[in-house]
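*Asks:* I have a structure here, written as structure tokens, and I will follow up with some questions on it.
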Amino acid sequence: MSVTTILKTEPRNWPAIFLALALSAAPFLATPLARAGTTNLPAASDLRESVAPPAKAGAPLIVIYSRHDCNYCEAVKRDYLKPLANNPAYRDKLAIVQVNQDSAAPLTDFHGKRTTHAGFAADEKIKLVPVVAFYGPNGQRLAAPIVGARLPDFYQSYLEAAIEQSMAALKPR
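In the numbering used here, the protein residues as written are 96 to 268.
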């Protein structure tokens with residue numbers, strides 16, 4: 096018996112057919128959500144320790160504020176920050192760490208205060224993610240943060256401009 100015949104003659108079977116179709120489509124619908132959070136950068140644990148090496152090199156500590164279920168965060172990490180971390184021009188200068196807005200993982204902030212990832216994100220007034228922020232040795236922001244995923248064609252330019260601005264702010268005057 097074909098599906099068309101069942102639909103014409105057996106209306107009581109329609110809910111079962113629609114349920115079967117919905118369940119068969121579920122893996123395809125869930126795929127984008129399943130991909131969120133697969134590109135991991137080092138999780139922040141002690142920001143005083145994380146900021147020291149790039150500060151010595153005259154570069155910022157880059158912090159991405161993220162969430163485990165954020166597809167835009169995943170795109171920024173995968174398409175821009177991970178390649179940046181592997182770029183020879185920056186690899187030995189800057190450092191990139193991740194702060195998860197939805198995590199209770201312990202974190203020591205720039206001033207030695209013990210908190211959590213979520214607590215630090217709240218202290219920094221992070222409401223939407225992704226946010227890419229640029230910090231100097233004492234936790235001062237060196238450039239305006241990049242909020243959201245913005246336009247993909249220009250994101251790399253925004254990132255490079257903020258890094259250059261941060262490096263200029265760290266140069267002795």
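Beta carbons: idealized from backbone N, C-alpha and C, even for Gly.
(1) Between I157 and L189, which are expected to be in contact by the criterion C-beta below 8 Å, what is the C-beta distance as a whole number of angstroms?
(2) Within 10 angstroms of the Cβ of L124, are there 16 or more other Cβ atoms? Answer buried if so, exposed if not.
(3) For A263, does the three-state DSSP call read helix, strand or coil?
(4) Which full runs of the beta strand (DSSP E) of 3+ residues lie inside the region 177 to 208, going along the chain?
(5) Grouping DSSP H, G and I as helix and E and B as strand, with all else coil, what is I258?
(6) Residues in its own chain within less than 6 Å of A138 by CB, not counting five upstream and five downstream?
(7) Use the C-beta contact count for L142: other C-beta atoms within 10 angstroms, 16 or more gives buried, fewer gives exposed.
*Replies:* Taking the coordinates as given:
(1) Along the sequence shown, one-based indexing puts residue 157 at 62. Along the sequence shown, one-based indexing puts residue 189 at 94. About 6 Å; that satisfies the 8 Å criterion.
(2) Position 29 of the sequence shown holds residue 124. Low local confidence applies: a pLDDT of 48 at L124 is under 50, so the model's placement there is unreliable, with the coordinate-based value given in what follows. Looking at its Cβ environment, which holds fewer than 16 other Cβ atoms inside 10 Å, L124 is exposed.
(3) Locating residue 263 in the sequence shown gives position 168, counting from the first residue. Note: A263 maps to helix in three-state DSSP.
(4) 190 to 195 and 201 to 203
(5) Numbered from 1 along the sequence shown, position 163 holds the residue referred to as residue 258. Three-state DSSP puts I258 in a helix.
(6) Counting from one through the sequence shown, the residue named residue 138 turns up at place 43. Cβ within range, chain order: Q193.
(7) Translated into positions along the sequence shown, residue 142 becomes position 47. So L142 ends up on the buried side.
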